[in-house]
Structures are given as C-alpha cells and as structure tokens.
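Participant: Its first residue numbered -9, the first sequence is counted upward by one per residue in my numbering. For each residue, glycine too, the CB sits at the ideal point set by N, CA and C. Below is a structure I'd like to ask you about.
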Amino acid sequence: MRDLFKEKVFQYVTSIPKGKVTSYGDIARAVGRPGAARAVGSILKRNPRPFDPSGSNRKAIPCHRVVRADRLIGGYNGPVGTKENLLKKEGVKIINGRVDTEHILNK
DNA sequence: TACGTGGCGGTAT
DNA sequence: AATACCGCCACGT
C-alpha cells in the first residue's frame, strides 16, 4: 500500500457511511495535510471509480459524500444536480442547497 | 447572513 | 522541471 496522499484520500472517502457526509477540509486533516482541501478536490475530480464496477470486488469511491465546509454541495463531474440527487437518494436532507447538519460525519 | 477575495496543496501536462 | 488547473477554505466586508 503506497502511502501517497491520494491513496489515503480514496481510502478515507471509501469509509464514509451511506447517509453521511464530510468535507474536503476534514479529509485533508484526517490524512495529515491540513489546508490541502483544494488538493483533495482535485484528486476526487479524477476519481478512478465513482461507482462500483459490477463484477469487481473493489469498493466504489463515494465522492458524492464529500461536500464543502459551509455544507454547500460543491462540485461534481457530470450534469448539475447529480451529486445532490445521489445524496437525497441516500436519505440526506438538503435545505436551501445545504446538507443538513445531522448528516455531517464526526459532529 | 451573503458575497467577494486571496491564499492554498497537490496533480496533471 | 515548471506551470496551469481546481469538485476549497477562512476571513473581511
């Protein structure tokens, strides 16, 4: 296991439970690079596997569960609204474009 | 409370 | 090796 920044980021994101969200900055701190929130975003942007490839034993990287520190949804690849829809599907409440605080991981 | 701004770390080319 | 590119954040109006 390479201990590259991005590997840790991917692993951390993979561990986010369904129905919960965390922020780019929180991830940066969690992997020992406080202040590297933007870098986390640029890594997730190039997410190698946003969804679970069928027939694979590798887990998907649920990058849609990563939102901004102000709880706005943030960016995502693909059509606008995709990320929000995925979150809603998982039972995440979104109020005025923001994730409700009850879904924030570690809060 | 809402918006603008500068600074920021890591990746990709 | 250097620079452009960002799915951000903290802070000041």
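Am I right that Leu76 and Val89 are in contact with their C-beta atoms under 8 angstroms? What's the rounded C-beta distance?
Facilitator: On the first sequence, residue 76 is found 86 positions in, with the first residue counted as 1. On the first sequence, residue 89 is found 99 positions in, with the first residue counted as 1. Between Val89 and Leu76 the Cβ distance is about 12 angstroms, and since that is not below 8 angstroms, they are no contact.
Participant: In whole angstroms, what is the alpha-carbon distance linking Pro69 and Pro24?
Facilitator: Locating residue 69 in the first sequence gives position 79, counting from the first residue. Locating residue 24 in the first sequence gives position 34, counting from the first residue. Cα to Cα, Pro69 sits roughly 30 angstroms from Pro24.
Participant: Give me, in chain order, the residues of the same chain whose beta-carbon lies closer than 7 angstroms to that of Leu95; leave out the 5 immediate sequence neighbours on both sides.
Facilitator: Sequence index remark: in the first sequence, residue 95 carries index 105 (1-based). The beta carbon of Leu95 sits closer than 7 angstroms to those of Ile6, Lys10, Val11, Thr12, all from its chain and outside the five residues before and after it, given in chain order.
Participant: Among Phe41, Asp16, Arg39, which one has its Cα closest to the Cα of Ala29?
Facilitator: One-based indexing of the first sequence puts residue 29 at position 39. That would be Asp16, whose Cα lies nearest to the Cα of Ala29.
Participant: Hey, how far is the Cα of Arg39 from the Cα of Ala50?
Facilitator: Here residue 39 refers to the residue found at position 49 of the first sequence. Here residue 50 refers to the residue found at position 60 of the first sequence. One C-alpha to the other measures close to 6 angstroms.
Participant: Short check: CB of Glu74 to CB of Ile63, under 9 angstroms?
Facilitator: Counted from its first residue, the first sequence places residue 74 at position 84. Counted from its first residue, the first sequence places residue 63 at position 73. Result yes, Cβ atoms of Glu74 and Ile63 sit closer than 9 angstroms.
Participant: Report the rounded CA-to-CA distance for Lys19 versus Phe(-5), giving the unit in angstroms.
Facilitator: As a first step, residue 19 is located in the first sequence; it is residue number 29 there, counting from the start. As a first step, residue -5 is located in the first sequence; it is residue number 5 there, counting from the start. Correcting the residue type first, residue 19 is Arg in the shown sequence and not Lys. Each residue's Cα considered, the two are about 11 angstroms apart.
Participant: Quick check on the DSSP output: the alpha helix (DSSP H) that includes Tyr2 runs from which residue to which?
Facilitator: For this step, residue 2 is matched to residue 12 along the first sequence. Unbroken alpha helix (DSSP H) run through Tyr2: -5 to 4.
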